[in-house]
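Chemist:
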Amino acid sequence: MPNPNRGSCGFQSSEFEQEYERPSKTEMKRQSDALQDLGRELVEAPRDRVKRVPMPEDVRDVILECQNIKNHEGRRRQMQFIGKKMRTLTEEEVAIIKRTIEGWKGASKADTAALHALERRRDKLLADDKALTVLLEEAPHLDVQHLRTLIRNARKEQAENKPPKAYREIFQILKDLDKKSAASEPSPGPDVDVDAPEGDEDE
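Each residue of the sequence shown is one higher than the one before, starting from 17 at the first, in our numbering.
1. When the Cβ atoms of the stretch 38-53 are set against those of the stretch 103-110, are three or more pairs found closer than 8 Å?
2. So I85 and Q96 are in contact, right, with Cβ under 8 Å, and what is the actual spacing, rounded?
3. Helix, strand or coil: which one does DSSP assign to T116?
4. With H, G and I counted as helix, E and B as strand and the rest as coil, what does DSSP make of I189?
5. Can you name the start and end residues of the alpha helix (DSSP H) that H162 belongs to?
6. Please state the DSSP three-state secondary structure of Q34.
7. How long is the line joining the alpha carbons of H157 and K195, rounded to whole angstroms?
8. Between which two residues does the alpha helix (DSSP H) carrying G87 extend?
9. Is L58 buried or exposed, if buried means 16 or more other CB atoms sit within 10 Å of its CB?
10. If you reduce the DSSP assignment to three classes, tell me which class K101 lands in.
11. Grab me the residues of K125's own chain with a C-beta within less than 8 Å of its C-beta, minus the 5 sequence neighbours each way, in chain order.
12. Using only CA atoms, which one of V66, L142, A61 lies nearest to Q174?
13. Taking C-alpha atoms, which residue in H88, R184, M71, Q161 lies nearest to E135?
Listed below in C-alpha cells is the structure:
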C-alpha cells in the first residue's frame, strides 16, 4: 500500500528532477543553436568549399540545396531541416567541420593581412622615393621607368582627386610580384619522398 506520507517532508523526487532537468534542457538548447549556427555558416560558405568538407553526404546535400533556394520562406524551412540534420552528426563529425571552418577563417585573415601589407607598401612608394630603390633591389627585373611614371601619375591622381588608375596599377604590380615570390619558395625539403602518394587535401 502506498505510503500517504511519502514526500511530505519536502523531499519529493519530482523536485529534484525539476532542479536538475532545467539546466539539462538549457544545455540541449544551446547545443542545438550552436549546430544550427554551424549549418548556417556552411550555407553561407562558397559552394566549392562546402563540397570538400568531410561530412555525411545527406547533410552536404541539404546544405547545397539550401544555397540554391532564393525564396525567404523556403530557405527558412530548409534551414530548420539543416538544423535537424546537423543534430544527427557525431561529436567527431562536428569537430571536423568546426576545424575546417576555422581553417577557412584563418586563411581569410592571412589573405586580408597580405593585402593590407601590399597597400602599405604602395603608399610608401608614393611617399618615399627610397622605397622604389628598395623594391628594385628585391626585384631588379621590374621596369624602373614604368614604375616611376606610375608613381608620378598616382601622386597626380591623388592631388587632383582623379580616378586612381595608376594607383591601382601599382598595387597590381606589387600583387603579381608577391605571387611570384610565393611560387618560388622552396618545395618540400630533401627528406620528403616526392614519389609518395598525395594526401587527401584538395587544395
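We put the CB at the ideal spot given by N, CA and C, even for glycine.
Modeler: To lay it out plainly:
1. yes
2. For the purposes of this step, residue 85 is taken as the residue at position 69 of the sequence shown. For the purposes of this step, residue 96 is taken as the residue at position 80 of the sequence shown. That belief does not hold up - the Cβ atoms of I85 and Q96 are roughly 12 Å apart, past 8 Å.
3. Residue numbering aside, residue 116 sits at position 100 when the sequence shown is read from its first letter. If DSSP states are grouped into helix, strand and coil, T116 belongs with the helices.
4. Here residue 189 is taken as the residue at index 173 of the sequence shown, counted from 1. I189 falls in the helix class under three-state DSSP.
5. Within the sequence shown, residue 162 is the residue found at index 146, counting from 1. 160-175 is the extent of the alpha helix (DSSP H) around H162.
6. Numbered from 1 along the sequence shown, position 18 holds the residue referred to as residue 34. Legend: pLDDT at Q34 = 48, less than 50; position of this residue unreliable, no value from coordinates given.
7. Here residue 157 refers to the residue found at position 141 when the sequence shown is read from its first residue. Here residue 195 refers to the residue found at position 179 when the sequence shown is read from its first residue. C-alpha separation (whole angstroms): 15 Å.
8. The count along the sequence shown starts at 1 and reaches residue 87 at position 71. Note on identity: in this sequence residue 87 is Asn, with Gly being the wrong assignment. Segment: none, N87 is in no alpha helix (DSSP H) and carries neither H nor E.
9. Residue mapping note: residue 58 aligns to position 42 of the sequence shown, counting from 1. It counts as buried.
10. For this step, residue 101 is matched to residue 85 along the sequence shown. If DSSP states are grouped into helix, strand and coil, K101 belongs with the helices.
11. Taking the first residue of the sequence shown as position 1, residue 125 is located at position 109. Contacts found: none.
12. The residue you call residue 174 lines up with position 158 of the sequence shown. For the residues V66, L142, A61, the minimum Cα distance to Q174 belongs to L142.
13. As a first step, residue 135 must be located in the sequence shown, where it is residue number 119. Considering only alpha carbons, the answer is R184.
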